[in-house]
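Before any comments, here is the structure.
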Ligand code: XUL
Ligand code: CO
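In the working numbering, the protein residues as written are 1 to 436.
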């Protein structure tokens, strides 16, 4: 069997003192943390698009990375080689999941029927490699944003023919995701939005997106697909304004179109910051509203205003993210997908390993820190104490619907000025730094 990463053998856990850059210092897949293994908690996935199809190009220059699996002039041979290379990479890295767009795994042909035939040639190879390796599909998705037909959107396109094309594409992508036993299916609306309001009927476009997502939920049931459906919020880029702006926008959309039972969110760290929020805010907001599903784990660069999709390296962030996720019960069907790519100058195949090893160790440390925070309980106690007034007396009456303005006026006249309490932010920050 042709090896595509011959310079790397299986990545092993060697402990924090190891100086081997091709080893894990913190991620030990079978180590138990709060009753589950690290692998079960973290459910790491490698994404196909950046890792195997991204070759370092940016708006100012072409590819910088030369890959042996990308060498053939026959696009289907490239597709096959890339699938083998991908499973070699997943296996050597030791992750349990992967994610893909339909067009990542098989190139688009001149017409839909031929494009689908190409997928039908590649999917059995993916299935065979999944079966042999035990690696599973975290989620599949559709690329309905790269081809020129989607220049004005997919489900929100002014043309019903483009809406129909996008629906046909999602139909097929859901079928292959189902065929590969995917745990989820993602909708990221790359061009579902507008460049200018001067030519845009927002009301109609949103209604069309609502109809589209209902059709997707129906089709999921029709084919018996058991995975979760996710919307992935992002405020902009490539479109100036995208409809799935942030978790709050998505929540309103799901409520309006009666989709709360069918969809959850896939929260991406860098998308959160582009929306003017923090990653933690988007996690906490979706958890608070019962729509948290999965995570695209990456980071942005605060000095750059775009979606830099860098590998996570901030242990403070991963600690608090894992604290929030663990307190919400952990992942069910979702996981941590590294939607991140190498910098343009990191041209060697081995850089893909360094990037993923660092990201995996960063979340492993986050998980272990979160475990310490939970076992210690000081932060949780401070928050509990802060809201203790709601557990009895007038607080309880308000929460249970047994108060009104007149009753509250009477209460205030009797009790006078409220007693204030410290928010204790600095103390909490000091406690968190004890774990980092
Ligand atoms: C784009 C992005 C996508 C989605 C899948 O910013 O994050 O890769 O995750 O379409
Ligand atoms: Co993403």
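C-beta atoms are modelled at their ideal positions from N, C-alpha and C, and glycine is treated no differently. Computed from a predicted model, the values in this text were never measured in an experiment.
Worksheet item: With a CB to CB cut of under 7 Å and the five nearest residues on each side skipped, what residues in its chain are close to residue 324?
Response: 280, 283, 284 and 287
Discussion item. Please classify residue 155 as buried or exposed, where buried requires at least 16 neighbouring CB atoms within 10 angstroms.
Written reply: buried
Worksheet item: Where does the unbroken beta strand (DSSP E) through residue 29 begin, and where does it stop?
Response: That residue, residue 29, is in no beta strand (DSSP E); it is neither H nor E in DSSP.
Practice prompt. Confirm the yes/no value for this check: CB of residue 306, any heavy atom of the ligand CO, distance under 8 Å.
Written response: no
Practice prompt. Report the option in 402, 341 and 321 whose CA atom is closest to the CA atom of residue 436.
Written response: 321
Item to complete: In the DSSP assignment, find the alpha helix (DSSP H) that holds residue 379 and state where it starts and stops.
Response: 378–386
Worksheet item: Do the CB positions of residue 46 and residue 5 come within less than 9 Å of each other?
Response: no
Fill in: Any residue whose CB is nearer than 5 Å to a heavy atom belonging to the ligand CO, listed in chain order
268, 296 and 339
Worksheet item: Roughly how many angstroms lie between the CA atoms of residue 182 and residue 415, to the nearest whole one?
Response: 58 Å
Discussion item. Output needed for residue 359: all residues of its chain with C-beta closer than 6 Å, excluding positions within five of it in sequence on either side, in chain order.
Written reply: 311, 312 and 338
Worksheet item: Under 9 Å between C-beta atoms, does residue 366 make it to chain C?
Response: Judged by its chain identifiers, the structure shown contains no chain C, having just a single protein chain.
Worksheet item: Can the beta-carbon of residue 341 be found closer than 9 Å to that of residue 93?
Response: no
Worksheet item: Which whole runs of the alpha helix (DSSP H) in the stretch 309–390 are 4 residues long or more, in chain order?
Response: 315–327, 349–376 and 378–386
Discussion item. Less than 9 Å between the beta carbons of residue 292 and residue 232, yes or no?
Written reply: no
Worksheet item: What residues in its chain sit with their C-beta under 6 Å from that of residue 411, if we drop five residues either side in the sequence?
Response: 394
Worksheet item: Is residue 298 helix, strand or coil by DSSP?
Response: coil
Discussion item. Along the chain, where does the beta strand (DSSP E) containing residue 184 start, and where does it finish?
Written reply: 184–187
Worksheet item: Thinking C-alpha only, which one of 193, 257 and 246 is nearest residue 268?
Response: 246
Fill in: Same chain only: Cβ atoms within 7 Å of residue 144, ignoring 5 sequence neighbours per side
150, 154, 166 and 169
Practice prompt. Alpha carbon to alpha carbon, how far is residue 316 from residue 75? Give it in angstroms, no decimals.
Written response: 43 Å
Item to complete: Return yes when the Cβ of residue 208 is within less than 9 Å of the Cβ of residue 234, no when it is not.
Response: no
Discussion item. Relative to the C-alpha of residue 276, which candidate in 33, 194, 344 and 302 has its C-alpha closest?
Written reply: 302
Fill in: residue 422 to residue 54 span [Cα, whole Å]
49 Å
Worksheet item: Going by alpha carbons, who is nearest to residue 8 out of 227, 114, 352 and 304?
Response: 352
Worksheet item: Out of curiosity, what's the CA-to-CA distance linking residue 72 and residue 61?
Response: 22 Å
Item to complete: Would you grab the beta carbon distance between residue 176 and residue 119 for me? Rounded to a whole angstrom, and I think it's under 8 Å.
Response: 6 Å
Fill in: Beta-carbon proximity of residue 179 to residue 95, cut-off 9 Å
no
Worksheet item: In whole angstroms, what is the alpha-carbon distance linking residue 262 and residue 399?
Response: 29 Å
Discussion item. Can you list, in chain order, the residues of its chain with a C-beta nearer than 6 Å to that of residue 195? Leave out the 5 residues immediately preceding and following it.
Written reply: 240
Practice prompt. Please find out if some non-hydrogen atom of the ligand XUL comes closer than 8 Å to the beta-carbon of residue 309.
Written response: yes
Item to complete: Answer yes or no: the CB of residue 190 versus the heavy atoms of the ligand XUL, is any distance below 8 Å?
Response: yes
Discussion item. Excluding the 5 residues flanking residue 438 on each side, which residues of the same chain have their C-beta closer than 7 Å to its C-beta?
Written reply: It is not possible to answer for residue 438, since the shown part of the chain is limited to 1 through 436.
Discussion item. Starting from residue 45, trace the beta strand (DSSP E) in both directions and tell me its first and last residue.
Written reply: 44–47
Item to complete: Could you please give me the residues that DSSP links to residue 178 through a beta bridge?
Response: Answer is none; residue 178 lacks a bridge partner.
Worksheet item: Nearest CA to the CA of residue 428: which residue from 56, 390, 331 and 376?
Response: 376
Item to complete: Along the beta strand (DSSP E) that carries residue 264, what are the first and last residues, could you check?
Response: 263–268
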